[in-house]
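Student: Take the sequence shown: its position 35, counted from the start at 1, is 188 in our numbering, and no numbers get skipped.
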Amino acid sequence: MKQFVFSLEALLKTRMREEEQIKLALGRKNGDIFNAQTELNEIHEELKELQSTQKEGRESCRDVTELRYSVTYRNKLKLDIIHKGQQIYEYQKELAHIRQRLVQAKQKRRAIELLKEKQYAAWQKEAQKQENVFLDELSQTAFIRKKRQKQKSSHSSEVT
Numbered sequence: 154m155k156q157f158v159f160s161l162e163a164l165l166k167t168r169m170r171e172e173e174q175i176k177l178a179l180g181r182k183n184g185d186i187f188n189a190q191t192e193l194n195e196i197h198e199e200l201k202e203l204q205s206t207q208k209e210g211r212e213s214c215r216d217v218t219e220l221r222y223s224v225t226y227r228n229k230l231k232l233d234i235i236h237k238g239q240q241i242y243e244y245q246k247e248l249a250h251i252r253q254r255l256v257q258a259k260q261k262r263r264a265i266e267l268l269k270e271k272q273y274a275a276w277q278k279e280a281q282k283q284e285n286v287f288l289d290e291l292s293q294t295a296f297i298r299k300k301r302q303k304q305k306s307s308h309s310s311e312v313t
């Protein structure tokens, strides 16, 4: 019997490639979120340092212009924190969308794999059936041959 050939193998490979591409996109998006979180933490640290230096500056009576610049910089850092938080939120929404696409891709791939498994099981069953038919025919032929040999040997012993 010929080897098992799955007619939708190309489609299965395509689905597997799509799933891998989505996994890569998921990894990239996780990396983007991690980088944005790191940047957010850095901005928080910078703001803490600024606030501690401002507190020291108030105690040492710096001039008004320097205080004004530090307040402006502090406000800029707070806005950066807000923008970075919004960016992280957008990344997380995109990540959820990518995860949803990954689930769908896995379902599509699995559907084709199940079809392949069913077809393979049917092919194995048919191969086993054909092998059984062949073995039955072989044993039947051997039985007939032995029977004929017995008849010939018994017939030749009767003649002598």
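Backbone N, C-alpha and C define an ideal beta-carbon position, used for all residues, glycine too.
#1: Below 8 Å on the Cβ atoms is my guess for Leu267 versus Leu161; work out the distance and round it to an integer in Å.
#2: Pick from Tyr222, Glu192, Ile175, Arg227: whose alpha carbon is nearest that of Glu202?
#3: Which value, in whole angstroms, describes the spacing of the CA atoms of Leu255 and Thr167?
#4: Within 10 angstroms of its Cβ, does Arg262 collect 16 or more other Cβ (buried), or is it exposed?
#5: Indicate whether Glu171 and Ala258 have their beta-carbon atoms separated by less than 7 Å.
#6: Taking the Cβ atom as the reference point for each residue, do Leu193 and Lys229 lie within a distance shorter than 7 Å?
#7: Give me the Cα-Cα distance between Lys182 and Leu200, rounded to the nearest whole angstrom.
#8: Using a threshold of 7 Å, state whether the C-beta atoms of Ile234 and Ile196 are closer than that.
#9: One question on the structure: do Ala189 and Ile241 come within less than 7 Å of each other, judged by their Cβ atoms?
#10: If distances are taken between C-alpha atoms only, which option among Phe157, Val158, Leu165, Glu198 comes closest to Ala264?
#11: If you draw a straight line from the alpha carbon of Ser205 to that of Val224, how long is it in whole angstroms?
#12: Tell me the rounded alpha-carbon separation between Gln304 and Ala295.
#13: Which class does Ser160 belong to by DSSP, given the choice of helix, strand or coil?
#14: Can you list, in chain order, the stretches of the beta strand (DSSP E) that have 3 or more residues and sit fully within the region 191-269?
Tutor: Inspection of the coordinates gives the following:
#1: Actually they do not touch by this definition, with Cβ atoms about 11 Å apart.
#2: Arg227
#3: 14 Å
#4: buried
#5: yes
#6: no
#7: 27 Å
#8: yes
#9: yes
#10: Leu165
#11: 13 Å
#12: 14 Å
#13: coil
#14: none
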